[in-house]
Amino acid sequence: MLGDQLNRTSAAFDDFDAQHDLVWMAEAADESTNVWVSKPRIAVFLAAMRHFAAELTADGVRVDYRRLDEAAPSLAAELSSAIERHRPDGVVMVEPGEWQLRETLRATVAASGVPLDEREDRHFLCSTAQFERHATTRKSLLMESFYREQRRAHGILMDGDAPAGGAWNFDSENRSSFGKQGPGMVPAPALFAPDEITLAVIELVHSRFADHPGSLDRFAWPVSRGQALTALDRFVAERLAEFGHWQDAMWTAEPWLYHSLISAALNLKLLDPREVVARVEEAWRAGQVPIEAAEGYIRQVIGWREYVRGIYWMRMPAYADSNALAATEPLPDFYWTGDTGMECLRDAIGQTLDLGYAHHIQRLMVTGLYAQLLGVEPRQVHEWYLAVYVDAVEWVELPNVLGMSQFADGGVMASKPYVATGKYIDRMSNHCGSCRFDPAKRVGDDACPFTTLYWDFLGRHEQRFARHPRMALQVKNLARITDEERAAIGARAGAIRAGVVG
Ligand SMILES: Cc1cc2nc3c(=O)[nH]c(=O)nc-3n(C[C@H](O)[C@H](O)[C@H](O)COP(=O)(O)OP(=O)(O)OC[C@H]3O[C@@H](n4cnc5c(N)ncnc54)[C@H](O)[C@@H]3O)c2cc1C
Ligand code: SF4
């Protein structure tokens, strides 16, 4: 069992015989050092693995659990030695969530001469083979058509053949900003004080990964199935009703707002997406939440989440090297510290390092947008996202970063780059009010770096997007800027890249 396969309904247990079989799990250091993984992410994975192993043991399952201090530095070396130790008739493995890891584990088992029985990950509603069939029988790979097919195939939010509530998508009712009055009192999410197992992990991470980024002072993530179910219940009862409405809004020092905070629990497989969407649909059918909240939420879980997984497995391994916009800049150092004068980035990066969490719009339209406008090499952006978020697993992180936020795949996932000036951030948050930059200005000492870089981005990619059906209008606006101002934008963008402004 790998660290993100912590479910008792996994195919690995289908014919498990407690008399003869055992579960092998290992905490390998290379999983935390291949990229510079943050303390919260390491702690979530190790704490969840230890809780799962303890539950299996309590149920009478034999577990060979190798702790970090006793395990070989690499997962592959540890697996080889486990195979030598136990001399099994065969190894059963559910498909891993990372292409390279799958290749490594396949090769390791093959080298040991023991047969490998690799099984489908039934956690997902759509298998990789089903997604490939869906993708190859269509001209365009739009998320929306995939999502509708998922709804129909699994009878989710359906009234007979028709979408429940009378429409497939209620996004026009969602995505407001808080306005000047702010979010007011937001119901607190379920937070979990670390128990003995988690405290031991926290101590281990402090001593073994002291120089890794991030903090464990506020660690309160669900790390067992029981806790994950409580987190889901609390979300549905107290915050789901407002989810859609405030889905894209941001507010300084309000990290959670109306988000569910269950992505890590889902990705570790502590929760099943079917039970999550069933709870949400029930709440709507019982009249507890509006359709736009329920539909908006369900779309994220059975639409986006499964769609990005399908893209990942169809496109890997080449996908990881995508760089359609030929971006080569280094990731700014402040991504690892939050030490910047740009308030929106300081807030988003600060909470990311403190908690291992930022919500979708912070990831897409603050940290992701800035990296894209700056022209950061996509691989460096990917490695940062994989390192810092508690829910980061490559199958979901990579397409979101390379495809959705950086347009590095040239339009496989997103039909256009998500680019905007600082005015978008100003509209959706209160960050600009306390920032020394002005989101409306593209040149001058107080010009917002997002706004300067937006115009610089359009200028740099003018040729590419001039006839693009969804970008041409944005590019056309360049014509209104004088040559003199374009030169000033270029000069200021250069100063931003050199770290003189920011
Ligand atoms: C650049 C970038 C990187 C991202 N990296 C990750 C990642 O490493 N792991 C991860 O799970 N999500 C990732 N996402 C998607 C999304 O931001 C997170 O799933 C979400 O913020 C998690 O918080 P939540 O549980 O409170 O989600 P909510 O806002 O409450 O959403 C509900 C659930 O929907 C699912 N979901 C929503 N959007 C997406 C999406 N675009 N892709 C996949 N699932 C989605 C998640 O499971 C989430 O728990 C990324 C998005 C972007 C733009
Ligand atoms: S002015 Fe620009 S840098 Fe400052 S908070 Fe607003 S968008 Fe961010």
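Residue numbering for the sequence shown follows numbering that gives the first Met the number 0, beginning at 0 and increasing consecutively.
Glycine included, every Cβ here is placed at the ideal spot set by N, Cα and C.
Exercise. What did DSSP end up calling L472 once you bin it into helix, strand or coil?
Worked result: Counting from 1 along the sequence shown, the entry for residue 472 is found at position 473. In the structure shown, L472 sits in a helix (DSSP, three-state: H, G or I).
Problem set entry | Member of L190, N429, R49 whose CA lies at the smallest distance from the CA of G2 | For this step, residue 2 is matched to residue 3 along the sequence shown. If we check each option's Cα against that of G2, R49 comes out closest.
For this session: Enumerate, from N- to C-terminal direction, the unbroken alpha helix (DSSP H) stretches of 4 or more residues contained entirely within the segment 213-297.
Result: 224-237, 262-266, 272-284, 290-297
Problem set entry | Among S80, D116, F333, L74, nearest to D88 - alpha-carbon criterion | The residue you call residue 88 lines up with position 89 of the sequence shown. Sorting S80, D116, F333, L74 by C-alpha distance to the C-alpha of D88 places D116 at the top.
Exercise. CB-CB under 8 angstroms to A419, same chain, minus the five flanking residues each way: which ones, in chain order?
Worked result: Position 420 of the sequence shown, counting from 1, holds the residue named residue 419. M364, L368, F449, Y453, listed in sequence order.
Exercise. With 16 as the cutoff for other CB atoms within 10 Å, does H430 come out buried or exposed?
Worked result: Position 431 of the sequence shown, counting from 1, holds the residue named residue 430. H430 comes out buried.
Exercise. Around the C-beta of M249, are 16 or more other C-beta atoms found within 10 angstroms, so that it is buried, or is it exposed?
Worked result: Taking the first residue of the sequence shown as position 1, residue 249 is located at position 250. Buried, by the Cβ-count rule.
Exercise. For I261 versus A227, is the C-beta spacing smaller than 8 angstroms?
Worked result: Start at 1 with the first residue of the sequence shown, and residue 261 comes out as number 262. Start at 1 with the first residue of the sequence shown, and residue 227 comes out as number 228. Against a cut-off of 8 angstroms, the Cβ pair of A227 and I261 comes out as a contact.
Problem set entry | Spatial neighbours of E94 in its chain, beta-carbon cut-off 8 angstroms, leaving aside the 5 residues before and after | Within the sequence shown, residue 94 is the residue found at index 95, counting from 1. The residues are R101, E117, R118, E119, D120, T127.
Problem set entry | CB of M313 within 8 angstroms of CB of F436, strictly | Here residue 313 corresponds to residue number 314 of the sequence shown, with the count starting at 1. Here residue 436 corresponds to residue number 437 of the sequence shown, with the count starting at 1. It is not a contact, given that the beta carbons lie outside the stated cut-off.
Problem set entry | Beta bridge counterpart(s) of R65 as assigned by DSSP | As a position in the sequence shown, residue 65 is number 66, starting the count at 1. For R65, which the question treats as bridged, DSSP gives the partners A25.
Problem set entry | Closer than 5 angstroms to ligand 2: residues, by C-beta to nearest heavy atom, in chain order | M341, E342, C343, G421, I424, H430, C431, C434, F436, P438, C447, F449
Problem set entry | For A161: DSSP bridge partner residues | Taking the first residue of the sequence shown as position 1, residue 161 is located at position 162. DSSP lists D158 as partners of A161.
Problem set entry | M403 Cβ short of 7 angstroms to ligand 1 heavy atom set | Position 404 of the sequence shown, counted from the start, is the residue given in the question as residue 403. Yes, the beta carbon of M403 sits closer than 7 angstroms to at least one heavy atom of ligand 1.
For this session: Measure the Cβ-Cβ separation of M412 and G421 and say whether it is below 8 angstroms.
Result: To locate residue 412, count along the sequence shown from 1; it is residue 413. To locate residue 421, count along the sequence shown from 1; it is residue 422. No; because the gap between Cβ atoms is not below 8 angstroms, this pair is not in contact.
For this session: Measuring alpha carbon to alpha carbon, tell me which of D29, S259, P438, Y334 ends up nearest V380.
Result: Mapped onto the sequence shown, residue 380 falls at position 381. Looking at the Cα atoms, Y334 is the closest of the given residues.
For this session: Under 8 angstroms by Cβ, that's how I've got Q246 and R174 pegged, so tell me the actual separation to the nearest angstrom.
Result: Residue 246 sits at position 247 when you count from the first residue of the sequence shown. Residue 174 sits at position 175 when you count from the first residue of the sequence shown. Right, their Cβ atoms sit about 6 angstroms apart.
Exercise. Comparing the CB of Q299 with every heavy atom of ligand 1, is any distance shorter than 7 angstroms?
Worked result: To locate residue 299, count along the sequence shown from 1; it is residue 300. Relative to the non-hydrogen atoms of ligand 1, the Cβ of Q299 comes within a distance shorter than 7 angstroms of at least one.
For this session: Assign T8 to buried or exposed, taking buried as 16 or more other Cβ atoms, counted over all protein chains shown, within 10 Å of its Cβ.
Result: Position 9 of the sequence shown, counted from the first residue, corresponds to residue 8. It is exposed - the Cβ of T8 has fewer than 16 other Cβ atoms within 10 Å.
Problem set entry | Three-state secondary structure assigned by DSSP to E94 | Residue mapping note: residue 94 aligns to position 95 of the sequence shown, counting from 1. Three-state result, E94: coil.
For this session: Give a yes or no on whether the C-beta atoms belonging to V43 and A52 are separated by under 8 angstroms.
Result: Here residue 43 refers to the residue found at position 44 of the sequence shown. Here residue 52 refers to the residue found at position 53 of the sequence shown. No, Cβ-Cβ distance for V43 and A52 is not below 8 angstroms.
Exercise. Is DSSP giving E119 helix, strand or coil here?
Worked result: Residue mapping note: residue 119 aligns to position 120 of the sequence shown, counting from 1. Correct three-state label for E119: coil.
Exercise. What whole-angstrom Cβ distance do V235 and P272 have, given they're in contact under 8 angstroms?
Worked result: Here residue 235 corresponds to residue number 236 of the sequence shown, with the count starting at 1. Here residue 272 corresponds to residue number 273 of the sequence shown, with the count starting at 1. About 14 angstroms; that fails the 8 angstroms criterion.
Exercise. Whose C-alpha, out of W283, H205, L270, is nearest the C-alpha of H122?
Worked result: The residue labelled residue 122 in the question sits at position 123 within the sequence shown. Taking H122 as reference, the option from W283, H205, L270 with the minimal CA-CA separation is L270.
Problem set entry | Inter-stretch contact (C-beta, 8 angstroms, three-pair minimum) for the segment 205-213 and the segment 26-37 | yes
For this session: Mind checking who E328 pairs with in its DSSP beta bridge?
Result: Counting from 1 along the sequence shown, the entry for residue 328 is found at position 329. BP columns for E328 point to V375.
Exercise. Going by the C-beta, is G2 closer than 7 angstroms to any heavy atom of ligand 1?
Worked result: In the sequence shown, the residue the question calls residue 2 occupies position 3. G2 Cβ: outside cutoff for every heavy atom of ligand 1.
Problem set entry | Where D14 falls: helix, strand or coil (DSSP) | For the purposes of this step, residue 14 is taken as residue 15 along the sequence shown, with counting starting at 1. Collapsing the DSSP output to three states places D14 in coil.
Exercise. Considering A490, what are the terminal residues of the alpha helix (DSSP H) in which it resides?
Worked result: In the sequence shown, the residue the question calls residue 490 occupies position 491. Counting along the chain, the alpha helix (DSSP H) containing A490 begins and ends at 482-496.
Exercise. When the distance is taken between beta carbons, is A134 closer than 8 angstroms to G309?
Worked result: Position 310 of the sequence shown, counted from the first residue, corresponds to residue 309. Position 135 of the sequence shown, counted from the first residue, corresponds to residue 134. Yes, the pair counts as a contact, with Cβ atoms nearer than the cut-off.
For this session: Could you tell me if the beta carbon of H122 falls within a distance shorter than 7 angstroms of some heavy atom in ligand 1?
Result: Numbered from its first residue, the sequence shown carries residue 122 at position 123. Checking every heavy atom of ligand 1 against the Cβ of H122, none is found closer than 7 angstroms.
Exercise. At which residues does the alpha helix (DSSP H) containing H430 begin and terminate?
Worked result: Along the sequence shown, one-based indexing puts residue 430 at 431. Neither: H430 is in no alpha helix (DSSP H) and is coded neither H nor E.
For this session: Please find out if some non-hydrogen atom of ligand 1 comes closer than 7 angstroms to the beta-carbon of L363.
Result: Taking the first residue of the sequence shown as position 1, residue 363 is located at position 364. Yes; taking the cut-off as 7 angstroms, the Cβ of L363 has a heavy atom of ligand 1 nearer than that.
Problem set entry | Option nearest S111 by Cα separation, candidates V375, L231, L78 | The count along the sequence shown starts at 1 and reaches residue 111 at position 112. Cα-wise, what sits closest to S111 is L78.
For this session: Using only alpha-carbon positions, find the residue among L124, R84, R132, Y311 that is nearest to V113.
Result: Here the question's residue 113 lines up with position 114 in the sequence shown. Comparing Cα positions, the closest option is R84.
Exercise. Touching or not, the segment 288-302 and the segment 168-183, by the rule of three or more beta carbon pairs under 8 angstroms?
Worked result: yes
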